[in-house]
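The opening residue of the sequence shown carries number 1 in the UniProt record's numbering; numbering runs sequentially from there. In what follows, a structure is listed as structure tokens, so that the remarks can point back to it.
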Amino acid sequence: MTTPPQPTALKIMVIDDSSTIRRSAEIFLTQAGYQVVLAEDGFDALAKINDHHPALVFCDILMPRLDGYQTCALIKKSARFHATPVVMLSSKDGLFDRARGAMVGSSAYLTKPFSKDSLLSAVREHSAGAVPQA
Numbered sequence: 001m002t003t004p005p006q007p008t009a010l011k012i013m014v015i016d017d018s019s020t021i022r023r024s025a026e027i028f029l030t031q032a033g034y035q036v037v038l039a040e041d042g043f044d045a046l047a048k049i050n051d052h053h054p055a056l057v058f059c060d061i062l063m064p065r066l067d068g069y070q071t072c073a074l075i076k077k078s079a080r081f082h083a084t085p086v087v088m089l090s091s092k093d094g095l096f097d098r099a100r101g102a103m104v105g106s107s108a109y110l111t112k113p114f115s116k117d118s119l120l121s122a123v124r125e126h127s128a129g130a131v132p133q134a
């Protein structure tokens, strides 16, 4: 049984076209007391981000329609969300992928499959100073 998220909990968005990855991240983050917003791809995320104002975004790179690099770049170009940390998610751990992520404004890079510890460590590192949205 999971506990309901606290109203003061940080809100975290997870964008991934894999339902398994979204579900794993949701379980890990909810158990740690965070509110979670899930999106299936970049378009879904962009439609939801204004309504939910996440403190942190995890974004898969390889997605249909709008890939993670494009999604991150659009989030970072937004005056409202340019300061929101975006952590790229990918099954590839290459230098090129990390560099391209940094070029579009990502704060970090997390390799899939991620562990609960690595996911929560990324949250702690990149949401420091974030104020929960009501």
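Note that beta-carbon positions come from the ideal geometry of N, C-alpha and C, so glycine has one too. What you are looking at is a predicted structure, and each value in this text was computed from that prediction instead of being measured.
Nearest to D41 by C-alpha distance, out of I75, D60 and A128, is D60. Of all C-beta pairs linking the segment 50 to 57 to the segment 16 to 25, fewer than three are shorter than 8 Å, placing the two stretches out of contact. Annotated as proximal: S107 and V86, with beta-carbon spacing under 8 Å. Per the C-alpha coordinates, the member of H82, V37 and D44 positioned closest to V14 is V37.
Fewer than three pairs of CB atoms, one per stretch, sit closer than 8 Å, so the segment 68 to 78 makes no contact with the segment 24 to 33. Under the three-state reduction of DSSP, I15 is assigned to strand. R80 and A99 have their C-alpha atoms spaced approximately 24 Å apart. Each residue's CA atom was taken as its position, placing L120 and D67 some 24 Å apart.
The bridge partners DSSP lists for Q35 are K11.
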